[in-house]
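Below is one structure; the comments refer to it alone.
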Amino acid sequence: MESAEKATRNKNTVLLVDDEEMVLDIGVQMLSRLGYSVIQAESGTEAIGIFQKDSETIDIVILDIVMPDLDGGETVAAIREINPDVKIVLSSGFGRDGKTNEILERCNGFIQKPFSMKELSETLSRVVQQN
Numbered sequence: 001m002e003s004a005e006k007a008t009r010n011k012n013t014v015l016l017v018d019d020e021e022m023v024l025d026i027g028v029q030m031l032s033r034l035g036y037s038v039i040q041a042e043s044g045t046e047a048i049g050i051f052q053k054d055s056e057t058i059d060i061v062i063l064d065i066v067m068p069d070l071d072g073g074e075t076v077a078a079i080r081e082i083n084p085d086v087k088i089v090l091s092s093g094f095g096r097d098g099k100t101n102e103i104l105e106r107c108n109g110f111i112q113k114p115f116s117m118k119e120l121s122e123t124l125s126r127v128v129q130q131n
């Protein structure tokens, strides 16, 4: 864990979006240990509202694909309308299928749940370095 924590120390702010409370709790802990500031949302609708208010300070969005109100694809589209340049990482407990790959074309990365601290750190490091 220590090497994963050292891999990404930064000042970026992440909007973490997932409808599962346990995933949010663990995700916030992991991201905080990696040095990120974290804002959390439990739905696509909530994420869009937060992003509308705080889009200037949010650097990365980590977004679950399957959620009850708006799915990942709809949420990505709405966030991209607000800021087409924000970094978005899709997160899913399911494998990458046709729908996931279609959404992924509009995103900067993908991370399979459950993920380790090292996987999270490496994925975000790659995404942060993208132009």
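Just so it is clear: in the sequence shown, position 129 is 129 by the working numbering, and no numbers are missing.
C-beta atoms are modelled at their ideal positions from N, C-alpha and C, and glycine is treated no differently.
This structure is a prediction, so every number in the text was calculated from the model and none was measured.
- [ ] May I ask you to verify whether the region 13-26 touches the region 51-64, counting CB pairs closer than 8 Å and requiring at least 3?
- [x] Verdict: yes, contact present.
- [ ] Pull up the distance between the alpha-carbon of P68 and that of Q130, whole angstroms please.
- [x] Roughly 31 Å separates the two Cα atoms.
Open item on the list: DSSP three-state label for F51, please.
Closed with: In this structure, DSSP gives F51 a helical state, which the three-state scheme calls helix.
Task: Cβ-Cβ distance between I82 and F51 below 8 Å - done: In this structure, F51 lies closer than 8 Å to I82 by Cβ.
TODO: Measure the C-alpha to C-alpha separation of E20 and D54 and round it to an integer number of angstroms.
DONE: Going by the C-alpha atoms only, they are around 22 Å apart.
Open item on the list: Based on DSSP bridge pairs, tell me the residues matched to F94.
Closed with: Note: F94 sits in no beta bridge, so no partner.
Task: E74 versus T45: straight-line alpha-carbon distance, rounded - done: Straight across, the Cα-Cα distance linking E74 with T45 is about 10 Å.
Open item on the list: Excluding the 5 residues flanking D18 on each side, which residues of the same chain have their C-beta closer than 6 Å to its C-beta?
Closed with: Correct list, in chain order: L24, D64.
Task: Unbroken alpha helix (DSSP H) run spanning S125, endpoints - done: 117-129 is the extent of the alpha helix (DSSP H) around S125.
Task: Beta carbon of L90 nearer than 8 Å to that of I103 - done: Contact check for L90 against I103 passes: the beta carbons are separated by less than 8 Å.
TODO: Could you tell me the distance, in whole angstroms, from the CA atom of L34 to the CA atom of E122?
DONE: When rounded, the separation of the alpha-carbon atoms in L34 and E122 is 11 Å.
- [ ] Report, in whole angstroms, the separation of the C-beta atoms of S125 and Q112, which I expect to be a contact under 8 Å.
- [x] In fact, because the Cβ distance is near 17 Å, the residues do not count as touching under 8 Å.
Task: Simplified DSSP assignment, three categories, for T13 - done: Annotated three-state conformation of T13 is strand, per DSSP.
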